[in-house]
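To start, the structure itself, in structure tokens.
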Amino acid sequence: MPWNDQSGGGGQNQGGGGQGPWGGGPRRPWGQPPRQQPPRGPQGGDLEDLLRQWRERFRFGGANGKGGAGGAGRGFSWPLIAGVFVIGWLLTGVYTVDEGARGVITRFGDFNRVTGPGIHVHLPAPFEARQVINVTGQRTTEIGFTSRNNQSTDNPDESLMITGDRNIVEVHFRIYYNIKEVSDFAFNVRAPDNAVRQVAESAMREVIGRRQLEPIITTERGAVEEDVETLMQQVLDEYEAGVQVLQVELLRAAAPSAVIEAFNDVVNAGQDAETARNNAERETSRIVNEAQAYRERVVREATGEAQRFVAVHNEYRLAPQVTRDRLYLETMERVYRNGNLVILDLAERRRAVSAAGGHGAPKHAHAAASRGSTLMQRSLPLILGVLFAALVLISQTLFVVRQTDQAIVLRFGEYVRVLNAPGTNEPGLYFKMPFVDSVVTYDRRNMGLTLEGQPIVASDQEQLRVDAIVRWQITDPRRFYQSALTEDGGASRLETFTEAAMRRALGGATSNEIISGRRAQLMQNIETDLNASAATELGVRVVDVRIRQADLPDATRERVYERMRSERAQVAGRLRAEGEREAAIIRATAQQESERLRGEGEGERARIFAGAYGRDPEFAAFYRSMRAYDYALDQGTPIVVSPDSDFFRYMQRRTGR
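Its first residue numbered 3, the sequence shown is counted upward by one per residue in my numbering.
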């Protein structure tokens, strides 16, 4: 029987069926009984055992957290936990650097290296540390003003600078820079950006102190920018700050607000002077051109007239009497046909020759006209009364609400409705009950209220004079009508509210805060205060409160300002005087040239006429008289003259005698 035959067989040693040749049941050839295992699939049994063993090995405890006799309970796998922490610690040394940035690596606090863009690895803390810095991005800092939401607010503490000639100039400028040496920027200067700002302000004050006011605000702005950039770079290089100054942009270099009007007057004076010169030049062109045109005209007219006379005279020489009679008769025909001539005889000067009036109208026509006039006179009051009543009724029934207005309709003085209030769009033509309803109209736009010279005592007991502008709008017409009635009344009450709000807000701040640092916040506080009070009391909304000017009674600074005003006034007066003088010279020169040109034209005209009329003076006098009659009398203008007037001597006799 084969060794693996497990069929039942005889033999005394067979304790049961299915034993192998060595007895004891089915056994392996080496005498070991087979392991009792649950049925498995054809594959994967060893892999499942391996996974089960790993799960049991890394299980934190058995069933119910306790180990058992057959137990699966195990302890913590500390090597694995330690491995996870080690891997996480090593991963802290992995970092990336963006394009345009640099990574600065220190080992135990000491500079080690600089890394460029990409992914990098350094020893984890505490061995090495990193700092990633943008080195190519442009950085900016602003001096003299603060910009926020595209608006700039002046900072007098920074902007007011003393010039070399002991004047005061207001300067706003911006610095553009980047990092040229990242390690120097990271390690050599504490708060390097703040250092750049401090150096920029110091350099600007130094450069301004070396120059006078007038060139700073006019011709040397570019030079100021270059000098500040050079000086800044020099100082920052001495600091080894690792900063490259790219550009200094001088945004504003002007006189302070206290004297801005005087400086503006200088600018205006220069413009006035230039305008005067330009006007004079324009007048010069006109005068000279007119003179040239006059010269050309009179010369050409004289040439034509002379040629005409010569042509007529040539014919006159061929037939003197016929030509003379023809010219006389044709001229008299035109004169008496179109003229309006009144001749006073010398012997009867006391009696004027005049045309008699027309015949009177028939009596019946006068009677009819009288009756019509009487009827009209009787009907006229009735017609006028009807028209007046109709106009009154229309005016009491219809009213118009404009786009810029809002209206309250009252009935016997009691509120009915509001039309075209803020937030609505209801302009147009409306009806109301005549003689019952009334309409009160208010402006719905943003309106301005100016408060000038308000006395304010700051918290440091400094006296201030504050000018403010309040922009306000009526939002509740009914409440406004009840509390103020009119716009003037509302403005007066709002002014009272504003004065109180300004004292509350500004009285708790120092003079320096009012003038410079907290001006915007104080204005906002005033606006908030006003909206809390005025909106409730008046039905208005305060749109904005702006402190226009806040002056300190600083005697020293006021003396400087006064001197600057005086100097500017002197310059303005000189500019205007020079402009007027130059304009006068230009006009006089133009007039001189005009007279010369006109004289040349008239001289040439006289020469031409002399050459033509000199051929026959007597006929020329007759010819010119005929021409004069045509021009003088052809327009129907009444002319009253004496018959023996020298002008009309040819009208009496064609010989002129």
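Where is the CB? At the ideal position from N, CA and C, for every residue including glycine. Owing to the predicted nature of the structure, the values given are computational and were not obtained by experimental measurement.
Meets three-Cβ-pair contact criterion under 8 Å: the segment 522-542 and the segment 493-504: With the rule of 3 Cβ pairs closer than 8 Å, the segment 522-542 counts as touching the segment 493-504.
Per DSSP, the bridge partner or partners of Ile449: Position check: residue 449 holds Met in this sequence, whereas Ile was assumed. Answer by DSSP bridge pairing, in chain order: Trp474.
Cα-Cα separation between Gly613 and Ile587, rounded to whole angstroms: 39 Å
Test: Asp439 CB closer than 8 Å to a CB of chain C: Going by chain labels, chain C is absent from the structure shown, which holds only one protein chain.
For Glu285 and Ala592, believed in contact at Cβ under 8 Å, the rounded distance: 7 Å
Beta-carbon separation (whole angstroms), Thr253 vs Val247, contact threshold 8 Å: According to the sequence displayed, residue 253 carries Leu and not Thr. Going by Cβ atoms, the distance from Leu253 to Val247 rounds to 16 Å, so no, they are not a contact pair.
Val544 burial status per 10 Å Cβ neighbour count (16 or more: buried): Counting C-beta atoms within 10 angstroms of its own C-beta, Val544 has 16 or more neighbours from the protein chains shown and is therefore classed as buried.
Per DSSP, the bridge partner or partners of Glu130: Arg109
Three-pair Cβ contact test at 8 Å for the segment 289-298 versus the segment 188-196: no
Sheet register partners of Tyr179 (DSSP bridge): Arg141 and Val247
Neighbour-count burial assignment, Arg319, 16 or more Cβ in a 10 Å radius: Arg319 is exposed by the Cβ-count criterion.
Segment contact, 8 Å Cβ cut-off, at least three pairs: the segment 150-169 with the segment 179-190: no
As assigned by DSSP and simplified to three states, the class of Asp666: The requested residue 666 is not part of the displayed model; the chain covers only 3 to 659.
Unbroken beta strand (DSSP E) run spanning Leu82, endpoints: Per DSSP, Leu82 belongs to no beta strand (DSSP E); it is in the alpha helix (DSSP H), Trp80 to Leu93.
Residues sharing a beta bridge with Glu172, DSSP: Leu162 and Ala256
Segment contact flag, the segment 220-228 with the segment 268-280, C-beta cutoff 8 Å, min 3 pairs: no
CB-CB length for Val137 against Val171, believed under 8 Å: Between Val171 and Val137 the Cβ distance is about 35 Å, and since that is not below 8 Å, they are no contact.
Collapsed DSSP secondary structure at Pro457 in the structure displayed: strand
Three-pair Cβ contact test at 8 Å for the segment 419-432 versus the segment 449-462: no
Cβ pair count under 8 Å reaching 3, the segment 100-112 against the segment 124-140: yes
Three-state secondary structure assigned by DSSP to Glu242: coil
Buried or exposed by the 16-neighbour rule on C-beta atoms within 10 Å, applied to Leu508: buried
Exposed unless 16 or more other CB atoms sit within 10 angstroms - verdict on Thr142: exposed
Buried/exposed call for Gly33, threshold 16 Cβ in 10 Å: With a pLDDT of only 46 at Gly33, under 50, the local geometry of the prediction cannot be trusted, and the value read off the model is given with reservation. Exposed is the call here.
For Arg495 and Ala264, the rounded distance between their alpha carbons: 35 Å
DSSP state of Gln34 mapped onto helix, strand, coil: At Gln34, the pLDDT of 48 sits below 50, so the modelled position is not reliable; the number obtained from the coordinates is stated separately. The answer is coil: DSSP assigns Gln34 none of H, G, I, E or B.
8 Å contact criterion, which Pro436 and Thr399 should meet: CB distance rounded: 5 Å
Beta bridge counterpart(s) of Asp546 as assigned by DSSP: Arg473
Element boundaries [alpha helix (DSSP H), containing Thr98]: Counting along the chain, Thr98 falls outside any alpha helix (DSSP H), though it belongs to the beta strand (DSSP E) covering Val96 to Val99.
Distance, Ile107 Cα to Pro119 Cα: 14 Å
Rounded C-alpha distance that separates Gly64 from Thr117: A caution first: Gly64 carries a pLDDT of 44, below 50, which makes its placement in the model unreliable, though a value can still be read off. Their Cα atoms are separated by approximately 51 Å.
Spatial distance of Gly603 from Ala579 (CA atoms): 36 Å
Residues bridged to Arg413 [DSSP beta-bridge criterion]: According to DSSP, which records beta bridges pairwise, Arg413 is partnered with Glu416 and Asp439.
Inter-residue spacing [alpha-carbon to alpha-carbon] between Ile610 and Thr305: 6 Å
Cβ pair Phe147, Val250 closer than 8 Å: For Phe147 and Val250, no; Cβs fall outside 8 Å.
Enclosing alpha helix (DSSP H) for Gln214 [first to last residue]: Note, Gln214: premise wrong, no alpha helix (DSSP H); not H, not E.
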